[in-house]
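S.K.: Below you'll find the structure I mean.
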Amino acid sequence: MPDISAPPRRKGKVRREDLKPGECLCDNCTGKCCRYFSLPIETPTTWDDYDAIRWYLAHGRTLIYVEKGTWFLVVMTKCRYLNRDDRCAIYLNRPKICNEYTTANCEYDDDWAFEKVFECPEQIWEYAEAVLPPRKRPKPPVPVVTQIGGMA
């Protein structure tokens, strides 16, 4: 049964500047902001830091990006409350972070463009090798020579 409370979707992409007063940009969107979440992470400075990021990227549907010097982890996962028609099923009772989100700077018009983007473990490891000093490898143990038997 269709949701009659949701306004009908327009066909074709509407430009932000073409919206009439009172129209909502979200009525023309596919819920981009509801298909991932992004969290700031510590800027990596050591091999261990980069190894942790390598672990994040090994899980798939993740990426790391850098914007204005801040590092972020992105997890590409659809919100469980996003309906098939790209509307929020709990709009009146949505989480505070959703309630405070505005379309003023949303990515409706744009594709992502970042200073740095890492999509797989190999990329972050290659970057670490370029920016960090060589890894210190432990020295092999010195063999202990013992003499068995007498001298000839």
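All you need for this note's numbering is the position in the sequence shown, starting with 1, plus 129.
Beta carbons are placed, not taken as given, at the ideal position from N, Cα and C, and that holds for glycine.
Please state the DSSP three-state secondary structure of Leu261.
M.R.: In the structure shown, Leu261 sits in coil (DSSP, three-state: anything other than H, G, I, E or B).
S.K.: Name the DSSP beta bridge partners of Phe201, please?
M.R.: Looking at the DSSP assignment, Phe201 forms a beta bridge with Pro169 and Tyr194.
S.K.: Is the separation between the beta-carbon of Val203 and that of Tyr194 shorter than 8 Å?
M.R.: It is a contact, given that the beta carbons lie within the stated cut-off.
S.K.: Just verifying my parser: in three-state terms, what is the DSSP assignment at Leu221?
M.R.: DSSP places Leu221 in helix when its eight states are reduced to three.
S.K.: Leaving aside the five residues before and after Asp215 along the sequence, list all residues of the same chain whose C-beta is less than 6 Å from its C-beta, in chain order.
M.R.: The residues are Thr159 and Gly160.
S.K.: Can you tell me whether Lys142 is helix, strand or coil according to DSSP?
M.R.: Reduced to three states, the DSSP call for Lys142 is coil.
S.K.: With three or more beta-carbon pairs closer than 8 Å as the criterion, would you say the region 179-188 touches the region 239-253?
M.R.: Flag = yes, the region 179-188 and the region 239-253 touch.
S.K.: Does DSSP put Lys245 in a helix, a strand or coil?
M.R.: In this structure, Lys245 counts as strand in the three-state DSSP scheme.
S.K.: Helix, strand or coil: which one does DSSP assign to Leu148?
M.R.: Coil at Leu148, not helix or strand.
S.K.: Could you give the C-beta distance for Tyr179 and Pro173, rounded to a whole number, given that I count them as a contact under 8 Å?
M.R.: Yes, Tyr179 and Pro173 are in contact; Cβ-Cβ is about 5 Å, under 8 Å.
S.K.: Using 8 Å as the threshold, is the C-beta distance between Pro169 and Phe201 below it?
M.R.: Yes, they are a contact pair.
S.K.: Helix, strand or coil, according to DSSP, for Pro131 in the structure here?
M.R.: For Pro131, the predicted structure reports a pLDDT of 40, less than 50, and the residue's modelled location is therefore unreliable. A value from the coordinates is still provided. Pro131: coil per DSSP, three-state reduction.
S.K.: Can you give me the start and stop residues for the alpha helix (DSSP H) that Leu186 sits inside?
M.R.: Element bounds for Leu186: Trp176 to Leu186.
S.K.: How many Å lie between Ala259 and Phe243 at the Cα?
M.R.: Ala259 and Phe243: Cα-Cα distance of roughly 19 Å.
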